[in-house]
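S.K.:
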Amino acid sequence: MIKVLCQRLAVVAVAVFALGSCTPANYDHLEPRFDIEGFFNGELHAYGIVRSRGGELMRRFKVNLLGTWEEGVGTLDEQFLYDDGERAQRVWTFVKDGDGNFSGTANDTLSTAILRVSGPELTLNYNILLDVGDSSYEVRFDDWIYAIDNDRVINVSEISKFGLTLGEVILVMERGHQPLTFD
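Residues -27 to -1, 1 to 156 (mature numbering (1 follows the signal peptide of the UniProt record, and there is no 0)) make up the sequence shown, in order.
#1: Sorted by chain position, which residues of the same chain lie with C-beta nearer than 6 angstroms to L97's C-beta, five sequence neighbours on each side aside?
#2: Mapping DSSP to helix, strand and coil, what is G40?
#3: Hey, quick one: how far does the beta strand (DSSP E) through F135 stretch, first residue to last?
#4: Can you tell me where the beta strand (DSSP E) holding F67 begins and where it ends?
#5: For my contact list, L83 and E111 are in at a C-beta cut-off of 8 angstroms; report their separation, rounded to the angstrom.
#6: Are the beta-carbon atoms of L54 and R63 separated by less than 8 angstroms?
#7: For L17, which residues from the same chain have a beta carbon less than 6 angstroms from its beta carbon, with the 5 sequence-adjacent residues on both sides left out?
#8: Would you mind sorting G27 into buried or exposed? The rule is 16 or more other CB atoms within 10 Å of its CB.
#9: Look at the Cβ atom of F13, then the Cβ atom of G45, and state whether they are nearer than 8 angstroms.
#10: In chain order, what residues of the same chain have a beta carbon less than 7 angstroms from the beta carbon of D56, not counting five sequence neighbours either side?
#11: Hey, how far is the Cα of N100 from the Cα of H2?
#12: Give me whichever residues DSSP pairs with Y(-1) in a beta bridge.
#13: With distances taken Cα to Cα, identify the nearest neighbour of V105 among N128, V23, T78.
#14: Roughly how many angstroms separate the alpha carbons of T48 and F75, rounded to a whole number?
#15: For E10, does the three-state DSSP call read helix, strand or coil?
#16: Pick from L30, I143, N(-2), P93: whose alpha carbon is nearest that of N123?
#17: Answer with buried or exposed for T(-5), where buried requires no fewer than 16 other C-beta atoms within 10 angstroms of its C-beta.
#18: Hey, V142 and I132 are a contact pair by Cβ (cut 8 angstroms); roughly how many whole angstroms apart?
#19: With burial defined as no fewer than 16 other Cβ atoms inside 10 Å of the residue's Cβ, what is the status of L95: buried or exposed?
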């Protein structure tokens, strides 16, 4: 019994060590380094999907974004158009602190997002009130945004509640391309 318990504890210790090594700092040596003020400045366009936890396609969407910066404070206006015709808007405000780090809030966030850059990776997490039909639910978004080059990123967002994954959002953002519409 003790031997089995020790084996299980050893497996847990190895798993904790392995997961602990998956920190964003592992990407510091990779280029291009994610430039928050540079990328989220000017016109951007994105397109993506929402998938259920089982991988089922739930929605497709496109986003026109406009980013502006003044004295370390950025505004990112996101205009969403979903494949069913629904429109939505999220306006982020990003603030740069004295150490060069950023925090962000938006019109629908319930918490402040702390933005962390490690090489080409930007991570942030926040809670929002998500409207589903006639109901609203508080959910957590964990975003991983990866710079492909200076003009393109891939964003993978996990949506969860009480630690359980509900679904994910996958999107591609590009700088300076034509506004997107569903035709």
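Quick reminder that beta carbons are idealized off the backbone N, C-alpha and C, glycines included.
M.R.: According to the structure data:
#1: A86, L88, D116
#2: strand
#3: Run containing F135: none; DSSP gives neither H nor E here.
#4: 60 to 69
#5: 6 angstroms
#6: no
#7: L38, M146, R148
#8: exposed
#9: no
#10: R32, R33, F34, F155
#11: 30 angstroms
#12: Y(-1) is not bridged to any residue.
#13: V23
#14: 12 angstroms
#15: helix
#16: P93
#17: Here T(-5) scores only 47 on pLDDT, less than 50, and its place in the model should not be relied on; the value that follows carries that caveat. Exposed, because fewer than 16 other Cβ atoms sit within 10 Å of the Cβ of T(-5).
#18: 7 angstroms
#19: buried
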